[in-house]
Amino acid sequence: MIRYIVRRLLEAIPVVILTSVLIYGILLIAPGGPTARFAQNPRITGEQIAAFKHRWGLDQPIPIQYCRWAGICNPDGEGLGIFISNKGLPNILPEALGGGDNGMLHGDFGFSIVDGRPVTSVISERVVPTLILAGTAWLLWVVIAFLTGVYAAVRRYGLFDSALTVFNYVGFSLPTFWLGIMLIAVFASQLRIFPASGMWDTRTVPAFGTDRYWTLLGEDPGYVLTDLLRHLVLPVITLIVVSIAGDSRFVRSSMLDALNQDYVRTARAKGVPEWRVVTKHALRNALLPVVTNLGLEIPFLFTGAIATETIFSWPGMGRAFIQATNNYDYPVLMGILVITAIIVISANLLADILYAVVDPRISYG
Amino acid sequence: MAERTVAVTADLTPAELEQLLLERPDYEVQLESLNQWQLAWRRFRRHRLALAGAALFLALVAIAIIGPFFVHYDYYEIPHPDELVYAGRPPSWISGDWDPPLLMGETARLQRDILGLVVNGARLSLVIGVGATIISVVIGAVWGGVAGYFGGWLDSVMMRIVDSLLTLPILFLILVAGKFLGRGDWPSVMLIFGLFGWLGLSRLVRSLFLSLREEDFVDAARAVGVSDGRIILRHILPNTLSPIIVAATLSVAGVIIGEAFVSFLGFGVDITQPTWGNVLTSSLDFLQQGNWWWAFFPGFAIVLTVLGINFMGDGLRDALDPRARI
Numbered sequence: 000m001i002r003y004i005v006r007r008l009l010e011a012i013p014v015v016i017l018t019s020v021l022i023y024g025i026l027l028i029a030p031g032g033p034t035a036r037f038a039q040n041p042r043i044t045g046e047q048i049a050a051f052k053h054r055w056g057l058d059q060p061i062p063i064q065y066c067r068w069a070g071i072c073n074p075d076g077e078g079l080g081i082f083i084s085n086k087g088l089p090n091i092l093p094e095a096l097g098g099g100d101n102g103m104l105h106g107d108f109g110f111s112i113v114d115g116r117p118v119t120s121v122i123s124e125r126v127v128p129t130l131i132l133a134g135t136a137w138l139l140w141v142v143i144a145f146l147t148g149v150y151a152a153v154r155r156y157g158l159f160d161s162a163l164t165v166f167n168y169v170g171f172s173l174p175t176f177w178l179g180i181m182l183i184a185v186f187a188s189q190l191r192i193f194p195a196s197g198m199w200d201t202r203t204v205p206a207f208g209t210d211r212y213w214t215l216l217g218e219d220p221g222y223v224l225t226d227l228l229r230h231l232v233l234p235v236i237t238l239i240v241v242s243i244a245g246d247s248r249f250v251r252s253s254m255l256d257a258l259n260q261d262y263v264r265t266a267r268a269k270g271v272p273e274w275r276v277v278t279k280h281a282l283r284n285a286l287l288p289v290v291t292n293l294g295l296e297i298p299f300l301f302t303g304a305i306a307t308e309t310i311f312s313w314p315g316m317g318r319a320f321i322q323a324t325n326n327y328d329y330p331v332l333m334g335i336l337v338i339t340a341i342i343v344i345s346a347n348l349l350a351d352i353l354y355a356v357v358d359p360r361i362s363y364g
Numbered sequence: 000m001a002e003r004t005v006a007v008t009a010d011l012t013p014a015e016l017e018q019l020l021l022e023r024p025d026y027e028v029q030l031e032s033l034n035q036w037q038l039a040w041r042r043f044r045r046h047r048l049a050l051a052g053a054a055l056f057l058a059l060v061a062i063a064i065i066g067p068f069f070v071h072y073d074y075y076e077i078p079h080p081d082e083l084v085y086a087g088r089p090p091s092w093i094s095g096d097w098d099p100p101l102l103m104g105e106t107a108r109l110q111r112d113i114l115g116l117v118v119n120g121a122r123l124s125l126v127i128g129v130g131a132t133i134i135s136v137v138i139g140a141v142w143g144g145v146a147g148y149f150g151g152w153l154d155s156v157m158m159r160i161v162d163s164l165l166t167l168p169i170l171f172l173i174l175v176a177g178k179f180l181g182r183g184d185w186p187s188v189m190l191i192f193g194l195f196g197w198l199g200l201s202r203l204v205r206s207l208f209l210s211l212r213e214e215d216f217v218d219a220a221r222a223v224g225v226s227d228g229r230i231i232l233r234h235i236l237p238n239t240l241s242p243i244i245v246a247a248t249l250s251v252a253g254v255i256i257g258e259a260f261v262s263f264l265g266f267g268v269d270i271t272q273p274t275w276g277n278v279l280t281s282s283l284d285f286l287q288q289g290n291w292w293w294a295f296f297p298g299f300a301i302v303l304t305v306l307g308i309n310f311m312g313d314g315l316r317d318a319l320d321p322r323a324r325i
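Here's what the structure looks like:
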């Protein structure tokens with residue numbers, strides 16, 4: 000088992016490298032590159048652009064640029080020295096072992112071109128809101144998809160099953176972003192039940208993540224949490240409807256498969272009560288494919304977050320990604336993409352491992 | 000007793016055939032010979048939802064082709080300083096004002112006729128959806144076909160690449176590519192979706208090739224000296240068409256939704272050429288003024304199209320590939 004996990008981890012490394020090269024490639028073949036945003040500005044001269052390029056190392060060959068960004072090359076060295084850190088050891092090592100102290104491998108994603116802040120702090124303040132949104136959505140999504148799917152399978156062709164089928168078709172055809180807009184139109188603009196945007200009420204609650212926010216949370220947790228919940232409702236619904244539509248159908252068919260197995264018939268023939276047949280015999284086997292699916296669907300939460308966070312002005316990673324793309328903020332963009340890729344790849348890995356744990360028939364070979 | 004003949008075809012299941020023979024023993028049964036596609040059409044025809052979906056989709060295609068000659072989306076008049084008009088007039092059937100007739104109302108700010116935008120936007124949305132799918136089917140079929148046919152280390156390398164690309168958050172890459180490489184015209188958006196969309200298809204094609212290459216007819220072709228390229232294209236590929244068609248149909252729906260989102264964010268087709276996505280771009284800002292029709296109708300067009308395509312895809316799956324039921 001441990002060998003299997005280690006092997007999968009080792010296999011994930013080239014994937015992360017491939018991802019970063021791919022993203023770097025897309026950004027670099029873009030016409031103009033990071034200096035494109037200066038092109039329309041008449042106050043910026045050619046020399047200034049050249050100086051800018053030199054300062055950010057953009058005048059170097061692309062492999063060197065990538066190597067420096069990744070933290071394999073020493074930004075100040077020349078010749079073979081570019082691979083050697085200032086302490087005389089390979090730059091790829093962590094700083095404590097005599098390696099370099101900058102570059103992605105050393106946890107340094109550089110600085111935002113737009114406001115000069117470290118990319119790590121730009122991203123870290125966005126991670127928590129995204130996790131709150133995506134985590135709530137994931138939990139609800141799993142529970143609802145599971146319950147509806149199982150119930151529809153047990154009462155096959157019943158009223159609920161038919162209603163669920165209709166919902167599956169329609170929900171699966173909804174564009175996430177449009178569903179969000181429609182929810183705002185109905186519940187925020189017309190009925191005014193839920194707020195249309197943001198994560199907190201700007202009039203009564205200080206910005207999320209600031210000290211004053213935590214103080215208020217300590218003083219009046221009821222108010223702050225209710226406020227957060229109210230802001231969560233519409234984005235969470237937007238995020239999960241499409242996924243539930245796909246997944247409850249999946250759970251249903253998986254459960255139907257299990258209910259048609261011989262061992263279920265055997266259990267029924269032995270006189271096991273129906274609820275026990277369902278919960279004990281069928282459900283556990285139906286769970287197998289469902290569990291794997293759960294991990295595999297985590298990436299959708301992140302891609303879905305782009306739509307949801309943009310529509311609802313939720314201060315998370317998805318919105319930061321859109322802002323960075325609009326601002327040509329290359330370092331932030333690279334940082335977000337690499338971190339998202341790592342999260343997604345880990346989720347896949349977790350799904351595989353979980354599958355191997357749940358299903359004893361899978362060999363770890 | 001006069002001999003009568005009835006043509007019993009694939010329309011009947013074995014059970015129905017038996018029933019018919021029991022009821023009318025005087026009937027002589029003649030089997031009609033049908034090729035694979037005729038059989039598929041018969042199965043598809045029975046699927047009522049699929050027929051409705053196909054009809055809906057074809058109607059939208061027809062509207063996309065002919066509609067723009069009749070309906071325009073330009074301004075009805077120079078924007079009026081009056082606040083109410085600036086916010087866009089509601090659909091005529093709500094306001095009761097049929098001069099000019101506005102079936103879907105107007106956009107705020109520029110006061111464009113939304114019906115015109117939806118009809119004109121249908122063109123690019125459908126062209127991008129179908130075009131990008133064709134690109135990804137070609138790439139996916141070639142990639143998966145080569146990997147599945149030759150197998151061995153080539154297969155491992157090619158599929159490893161696909162597996163790793165599949166673990167990526169593709170939408171992020173599409174957005175970055177749209178912003179940095181796209182030029183805001185429809186061919187570049189179509190190309191980007193085509194280039195990022197073939198991964199799943201290549202896996203499907205590979206798995207089909209893996210099993211088909213062991214078949215006797217492939218051995219036979221090889222024995223008489225047919226080249227690898229010809230075996231792939233003429234002998235194996237035609238046998239994989241059914242699942243590919245089903246997957247491609249569903250992929251069109253996916254691209255239409257994806258394109259709408261990317262263009263909505265301003266990273267796809269720019270707003271000089273309407274698509275169902277970019278038409279929605281500023282609609283969010285005017286919901287508060289009560290202009291819901293702007294946000295509603297273009298999105299509703301997407302839902303109808305995607306629903307139609309999904310129904311059609313389900314029917315096609317049952318018709319072409321009866322074994323692969325979910």
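Protein chains in written order, with numbering that gives the first Met the number 0: chain A, 0 to 364; chain B, 0 to 325.
Ideal Cβ placement from N, Cα and C applies to all residues, glycine included.
These numbers were taken from a predicted model, which means no experiment stands behind them.
Short-range partners of chain B found in the region 318-341 of chain A, where Cβ spacing is below 9 angstroms: 320, 321, 324, 325, 327, 332, 335, 336, 339 and 340
Which residues bound the alpha helix (DSSP H) around residue 210 of chain A? The sequence position of residue 210 of chain A within the first sequence is 211, counting from 1. Looking at the DSSP string, the run of the alpha helix (DSSP H) that includes residue 210 of chain A is 210-218.
Tell me, please, whether the region 317-333 of chain A touches the region 108-117 of chain A by the rule of three or more beta-carbon pairs shorter than 8 angstroms. yes
Interface flag, residue 168 of chain B vs chain A, CB-CB below 7 angstroms: The sequence position of residue 168 of chain B within the second sequence is 169, counting from 1. Cβ-Cβ to chain A under 7 angstroms: yes for residue 168 of chain B.
Does the region 155-170 of chain A touch the region 265-282 of chain A, meaning 3 or more C-beta pairs lie closer than 8 angstroms? no
DSSP on residue 1 of chain B, reduced to helix/strand/coil? In the second sequence, the residue the question calls residue 1 of chain B occupies position 2. With a pLDDT of 47 at residue 1 of chain B, under the threshold of 50, the modelled position of that residue is not reliable, and the figure given next carries that caveat. Residue 1 of chain B: coil per DSSP, three-state reduction.
Within the continuous alpha helix (DSSP H) that includes residue 339 of chain A, where are the two ends? Counted from its first residue, the first sequence places residue 339 of chain A at position 340. Looking at the DSSP string, the run of the alpha helix (DSSP H) that includes residue 339 of chain A is 329-357.
Within-7 angstroms CB hit, residue 196 of chain B to chain A: Within the second sequence, the letter at position 197 stands for residue 196 of chain B. No, no contact with chain A.
Report the option in A:335, A:2, A:314 and A:14 whose CA atom is closest to the CA atom of residue 162 of chain B. The residue labelled residue 162 of chain B in the question sits at position 163 within the second sequence. Per the Cα distances, A:14.
Delimiting residues of the alpha helix (DSSP H) encompassing residue 316 of chain A: Residue numbering aside, residue 316 of chain A sits at position 317 when the first sequence is read from its first letter. Residue 316 of chain A -> alpha helix (DSSP H) spans 316-325.
Are the beta-carbon atoms of residue 170 of chain A and residue 240 of chain A separated by less than 7 angstroms? Walking along the first sequence from the start, residue 170 of chain A turns up at place 171. Walking along the first sequence from the start, residue 240 of chain A turns up at place 241. Taking 7 angstroms as the Cβ cut-off, residue 170 of chain A and residue 240 of chain A qualify as a contacting pair.
In this structure, does DSSP put residue 43 of chain B in helix, strand or coil? Translated into the one-based positions of the second sequence, residue 43 of chain B becomes position 44. If DSSP states are grouped into helix, strand and coil, residue 43 of chain B belongs with the helices.
For residue 17 of chain A, decide whether its Cβ has a neighbour in chain B, counting only Cβ atoms nearer than 7 angstroms. Counting from one through the first sequence, the residue named residue 17 of chain A turns up at place 18. Chain B contact via Cβ: present.
Would you decide whether residue 64 of chain B is buried or exposed? Buried here means 16 or more other CB atoms lie within 10 Å of its CB. For this step, residue 64 of chain B is matched to residue 65 along the second sequence. Answer is exposed; the Cβ neighbour count stays below 16.
Return no unless some Cβ of chain B is closer than 7 angstroms to the Cβ of residue 364 of chain A. Within the first sequence, residue 364 of chain A is the residue found at index 365, counting from 1. Because the pLDDT at residue 364 of chain A is just 47, under 50, the model does not fix this residue reliably, and the point stays unresolved.
Would residue 116 of chain B be called buried (16 or more neighbouring beta carbons within 10 Å of its own) or exposed? Taking the first residue of the second sequence as position 1, residue 116 of chain B is located at position 117. Label assigned to residue 116 of chain B: buried.
The region 126-144 of chain B in contact with the region 103-110 of chain B per 3-pair CB rule at 8 angstroms: no
When the cut-off is 7 angstroms and only beta carbons count, does residue 325 of chain B lie next to chain A? Mapped onto the second sequence, residue 325 of chain B falls at position 326. Unreliable positioning characterises residue 325 of chain B in this predicted model, as indicated by a pLDDT of 39, which lies under 50. The coordinate reading is nonetheless provided below. By this cut-off, residue 325 of chain B is an interface position.
Endpoints, alpha helix (DSSP H) assigned at residue 66 of chain A: Numbered from its first residue, the first sequence carries residue 66 of chain A at position 67. Note, residue 66 of chain A: alpha helix (DSSP H), 61-69.
Going along chain B in order, which residues have a C-beta closer than 8 angstroms to the C-beta of residue 181 of chain A? As a position in the first sequence, residue 181 of chain A is number 182, starting the count at 1. Result: 294, 295 and 298.
Hey, does residue 290 of chain B have any beta-carbon neighbour from chain A nearer than 7 angstroms? Start at 1 with the first residue of the second sequence, and residue 290 of chain B comes out as number 291. No, its Cβ sits nowhere closer than 7 angstroms to a Cβ of chain A.
If contacts are defined as beta-carbon pairs under 8 angstroms, then residue 282 of chain B and residue 274 of chain B qualify, I think. What distance do you get, rounded to the angstrom? Stepping through the second sequence from its first residue, residue 282 of chain B is reached at position 283. Stepping through the second sequence from its first residue, residue 274 of chain B is reached at position 275. Wrong, their Cβ atoms sit about 14 angstroms apart, outside the cutoff.
When burial is assigned at 16 or more other CB atoms within 10 Å of the CB, is residue 170 of chain B buried or exposed? On the second sequence, residue 170 of chain B is found 171 positions in, with the first residue counted as 1. Residue 170 of chain B should be labelled buried.
Under 7 angstroms between beta-carbons, which chain B residues line up against residue 110 of chain A? List them in chain order, please. Here residue 110 of chain A refers to the residue found at position 111 when the first sequence is read from its first residue. Near residue 110 of chain A there are no residues of chain B at all, since even the closest Cβ is about 20 angstroms away, more than 7 angstroms.
Quick one: which chain B residues come within Cβ less than 9 angstroms of residue 343 of chain A? Here residue 343 of chain A refers to the residue found at position 344 when the first sequence is read from its first residue. In chain order: 166, 167 and 168.
Residue 117 of chain A - partner residues in DSSP beta bridges: Along the first sequence, one-based indexing puts residue 117 of chain A at 118. A:110.
With C-beta atoms as the reference, is residue 267 of chain A less than 7 angstroms away from residue 277 of chain A? As a working note, residue 267 of chain A is residue 268 in the first sequence. As a working note, residue 277 of chain A is residue 278 in the first sequence. No, the pair does not count as a contact, with Cβ atoms beyond the cut-off.
Whole angstroms are fine: how far does the CA of residue 48 of chain A sit from the CA of residue 123 of chain A? Within the first sequence, the letter at position 124 stands for residue 123 of chain A. Within the first sequence, the letter at position 49 stands for residue 48 of chain A. Roughly 30 angstroms separates the two Cα atoms.
Segment limits, alpha helix (DSSP H) that includes residue 119 of chain B: Along the second sequence, one-based indexing puts residue 119 of chain B at 120. 113-149 is the span of the alpha helix (DSSP H), which, as asked, contains residue 119 of chain B.
Considering just the uninterrupted stretch of the alpha helix (DSSP H) at residue 53 of chain A, what are its terminal residues? Walking along the first sequence from the start, residue 53 of chain A turns up at place 54. First-last of the alpha helix (DSSP H) with residue 53 of chain A: 45-54.
Would you please state the rounded distance, in angstroms, between the beta carbons of residue 233 of chain A and residue 223 of chain A? I believe it to be under 8 angstroms. As a first step, residue 233 of chain A must be located in the first sequence, where it is residue number 234. As a first step, residue 223 of chain A must be located in the first sequence, where it is residue number 224. The pair is not a contact, with the Cβ atoms about 18 angstroms apart (cut-off 8 angstroms).
Give the residues of chain A in contact with residue 301 of chain B, contact being defined as C-beta atoms less than 7 angstroms apart. Residue mapping note: residue 301 of chain B aligns to position 302 of the second sequence, counting from 1. Chain A residues near residue 301 of chain B: 174 and 177.
Same chain only: Cβ atoms within 7 angstroms of residue 296 of chain B, ignoring 5 sequence neighbours per side: The count along the second sequence starts at 1 and reaches residue 296 of chain B at position 297. Excluding residues within five positions, the ones whose Cβ falls inside 7 angstroms are 103, 113 and 117.
Who are the Cβ neighbours of residue 51 of chain B in its own chain at under 7 angstroms, not counting the five residues just before and after it? Locating residue 51 of chain B in the second sequence gives position 52, counting from the first residue. Same-chain partners within the cutoff: 310.
Among the residues of its own chain, which have a CB less than 6 angstroms from the CB of residue 238 of chain A, if the five just before and after it don't count? By 1-based counting over the first sequence, the position of residue 238 of chain A is 239. Same-chain partners within the cutoff: 136, 303 and 307.
Residues within the region 250-276 of chain A neighbouring chain B, beta-carbon criterion of under 9 angstroms: 252
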